[in-house]
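Under full-length UniProt numbering, think of the first position of the sequence shown as 1, with each following residue one higher.
Cβ coordinates follow ideal geometry from the N, Cα and C atoms, glycine included.
What follows is a set of notes on a single structure, which appears directly below.
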Amino acid sequence: MSFDQLAIVGILLVMLVTYATERFRVELVAMAGLAAGFAFGVVPATGVFRGFATPAVITVAEVLLIVSALSSSRAVDDFARRILARTQSYTAVLAILCGTGAFVSIFMNNIGALALMFPVTLSVCARLNIAPGRMLMPLSFATLLTGTCSLTGTPANLIVNQWMAQETGRGMSYFELAWLGGPVALAGLVWLLIAAPRYFKGMEAAAAPFDSGPVEFLAELTVGGELAGLTLPEAEDRHEIAIHGVYRGGAHVFARRAEIVLQAGDLIVTEGNMAQLDALRDATPAADRVEAVVMPESLAIGSRLGDILAFEERGVRITGLASRRHRVEGRFAELLIGMGDVLVLSGDREAVREAVADSGLLPLSGRRPSAPRSRAITSVAVFGLGVLITAFNLLPTEIAFGGVVLALVLLGNLNLRSALSDMNWSIVLLLACMIPLGTAVEDTGAAAVIANTIAAHLPSATPLMVAATMLLVAVTITPFIDNVSTAVILSPIAAGLSARTGVAVEPLLMAVAIGASLDFLTPFGHHNNTVVMGAAGYRFMDFPRFGVPLLAVCVASGICTLAWLL
1 MSFDQLAIVG ILLVMLVTYA TERFRVELVA MAGLAAGFAF GVVPATGVFR
51 GFATPAVITV AEVLLIVSAL SSSRAVDDFA RRILARTQSY TAVLAILCGT
101 GAFVSIFMNN IGALALMFPV TLSVCARLNI APGRMLMPLS FATLLTGTCS
151 LTGTPANLIV NQWMAQETGR GMSYFELAWL GGPVALAGLV WLLIAAPRYF
201 KGMEAAAAPF DSGPVEFLAE LTVGGELAGL TLPEAEDRHE IAIHGVYRGG
251 AHVFARRAEI VLQAGDLIVT EGNMAQLDAL RDATPAADRV EAVVMPESLA
301 IGSRLGDILA FEERGVRITG LASRRHRVEG RFAELLIGMG DVLVLSGDRE
351 AVREAVADSG LLPLSGRRPS APRSRAITSV AVFGLGVLIT AFNLLPTEIA
401 FGGVVLALVL LGNLNLRSAL SDMNWSIVLL LACMIPLGTA VEDTGAAAVI
451 ANTIAAHLPS ATPLMVAATM LLVAVTITPF IDNVSTAVIL SPIAAGLSAR
501 TGVAVEPLLM AVAIGASLDF LTPFGHHNNT VVMGAAGYRF MDFPRFGVPL
551 LAVCVASGIC TLAWLL
């Protein structure tokens, strides 16, 4: 391999490892990778910002704006609530929620579909006394499955479409992916409805006084009469809590745990269910207290609990934190907020609502204001018209959806300033930075070298063998990075493999798109999984235990469908 080829492969490998560690935001890693590509000369100066002008990035930005309008209209929320109003069976509720979420995810990005379904899911769980954990993972997986059925189902599809247009001279039609993704999604959904009731049967409803899933919360309490005079082990055993730190007179108390005796006025960082924490702080649950999950676009990610300006300005207090982190160090206010964490907020009702909106959080309890029904109908109608225009190839996707955004703004259904402020810019930056790197994989010849290596080790070069190989490679790496990066890296390799083996490029690229979306094995491979892990209190191993059989079903159905198509 030449220096340029080694450089681009090395950059991508370092990025993949960094993605998997979750220590840095994905868009920062992508920006650093792009900068490294320019520094090593594999991305020319004229191509550094070319990603921002690609149809894929423009379409993703438009879809995010459309999702904002649909979210504020609550069209999906109201539709689902009416269907679920008299439903009592867990299996029926699961089918309706997953079916609705799956349908919505065909037309918009996965995280947008999940966000639309979150409030109604938690409301139904509270009404039927069902643990949210029995619903949220299947819902997340359902939205990922049907992202394989359309051009805008996930940003990875737009990346693959860009390579399709480059290699064949034409892009995919809006539902062309459904030839392969449809059977995969259908098989996966059927398995979800069969397996989820059995797998999550033993999960009990949360004991917390809210509608959401996490049971264990971190909080900072002042030691009162019930705890004073007890050692840490005694306090933990008597009140079923875990104490992570004791502070006296502003200083951390260092000693063996059995030798630390709590005194009145001490501050303790403790963990337990919210009802127990309320009892220890001698407080009744506030009527205006709200739980909110930290979404991928939230400005709070990476901030300390005590440093969020939107909360401080409005007098909103964070009284609890449910996080998937395993170590707790320092004072409560010094803890860092991560994606998928759940915050318990207290304060004036309007102040809490504004703080949640400004910080990019998704409320898990409490009511959101409804928009007029006419606005919901017009929003859905305008979006549906845009989808039809794209589906019949009357206009390119980015032009049709641009018209949808313009129409929603002119109709007053979309506040553009607010939507741009709240938009998930991280995915836009990620796409714009990764696209030049993907181009560099092909321009340097690295894609051809990797493709030749893969082809040399294939038992045979039949179309089914080559397409199945690309599907399996995509499925293997997507749980550890995001699906966009998977598509960016593998699309040029698929094109190179097509040139090397003579197999048509279309099924290879479609296999990459499908495989990139089958992300069921880890909580960090896709934002949806990260969010539901925090909201429902799943453990890491819950994902592979439930996801491996689902992945096997999807891969098997995908290979069978490829055999039929080829």
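Do residue j and residue i have their beta-carbon atoms positioned less than 8 Å apart in this structure?
i	j	result
L158	T59	yes
L362	A115	yes
R289	S346	yes
L189	L136	no
A448	G496	yes
S491	G558	no
S517	G182	no
L139	L97	yes
A156	V484	yes
A487	G51	no
I217	L122	Rather than Ile, the amino acid found at residue 217 in this sequence is Phe. No; because the gap between Cβ atoms is not below 8 Å, this pair is not in contact.
L180	T561	yes
P436	L34	yes
I489	L12	yes
V67	M117	no
Y247	R349	no
A113	V104	yes
V356	G534	no
A142	L70	no
M339	I301	yes
G272	G537	no
L151	T397	yes
Measuring only from the beta carbon, is residue i closer than 7 Å to any heavy atom that is part of the ligand ATP?
i	result
L309	In terms of ligand content, the structure shown is empty, and the ligand ATP therefore cannot be addressed.
Answer with buried or exposed for residue i, where buried requires no fewer than 16 other C-beta atoms within 10 angstroms of its C-beta.
i	result
H252	exposed
L410	exposed
R353	buried
G366	Annotation note: pLDDT 45 at G366 (below 50); position unreliable, coordinate value reported separately. G366 should be labelled buried.
S370	For S370, the pLDDT reaches just 49, beneath the cut-off of 50, and the residue's location in the model is therefore unreliable, although a value from the coordinates is still provided. Exposed: under 16 other Cβ atoms inside 10 Å.
W564	exposed
D358	buried
residue 569	There is simply no residue 569 to check, as the chain begins at 1 and stops at 566 in what is shown.
A207	Confidence in A207 is poor, its pLDDT being 36 and thus under 50, which makes the residue's placement unreliable; the coordinate value appears in the next sentence. So A207 counts as exposed.
D422	buried
residue 578	Any question about residue 578 goes unanswered here, given that the chain covers just 1 to 566.
M1	exposed
D341	buried
V548	exposed
E334	exposed
T54	buried
P119	buried
A556	exposed
D211	Legend: pLDDT at D211 = 40, less than 50; position of this residue unreliable, no value from coordinates given.
residue 581	Summary: the structure shown does not reach residue 581, with the chain confined to residues 1 through 566, and so no result is reported for it.
Could you please give me the residues that DSSP links to residue i through a beta bridge?
i	result
N273	E216
T54	According to DSSP, which records beta bridges pairwise, T54 is partnered with nothing at all.
A471	Note that residue 471 is Leu in the sequence shown here, rather than Ala. None, per the DSSP bridge assignment.
E320	The sequence shown places Gly at residue 320, not Glu. Answer is V344, bridged to G320.
I243	T270
A251	R248
R304	L336
T231	V261
T222	L267
What are the boundary residues of the beta strand (DSSP E) that includes residue i?
i	result
H363	In the sequence on display, residue 363 carries Pro and not His. Counting along the chain, the beta strand (DSSP E) containing P363 begins and ends at L361 to P363.
V294	V290 to V294
If you follow the alpha helix (DSSP H) that residue i is part of, which residue opens it and which one closes it?
i	result
A513	V505 to S517
E167	P155 to T168
E442	W425 to D443
V104	Y90 to F107
F24	That residue, F24, is in no alpha helix (DSSP H); it is neither H nor E in DSSP.
I450	A446 to A456
M137	G133 to L145
P197	A178 to Y199
G547	D542 to L565
M117	N110 to L128
L410	T397 to L410
R314	L309 to R314
ask   = Okay, do the segment 168 to 180 and the segment 388 to 397 touch, 3+ Cβ pairs below 8 Å being the bar?
value = yes
inquiry  = Three Cβ pairs or more, each shorter than 8 Å: is that satisfied between the segment 25 to 41 and the segment 446 to 464?
reply    = no
message = Would the segment 506 to 513 count as touching the segment 521 to 535 if we require 3 or more Cβ pairs under 8 Å?
response = The answer is no - the segment 521 to 535 does not touch the segment 506 to 513, with fewer than three Cβ pairs under 8 Å.
query = Taking one C-beta from the segment 312 to 319 and one from the segment 497 to 508 each time, how about it: are there three or more such pairs within less than 8 Å?
reply = In the pairwise beta carbon analysis, the segment 312 to 319 is classified as not touching the segment 497 to 508: fewer than three pairs are separated by under 8 Å.
query = Is the segment 35 to 46 touching the segment 475 to 486 in the sense that three or more CB pairs, one from each, lie closer than 8 Å?
reply = no
The segment 237 to 248 touching the segment 267 to 281, judged by at least three CB pairs closer than 8 Å = yes
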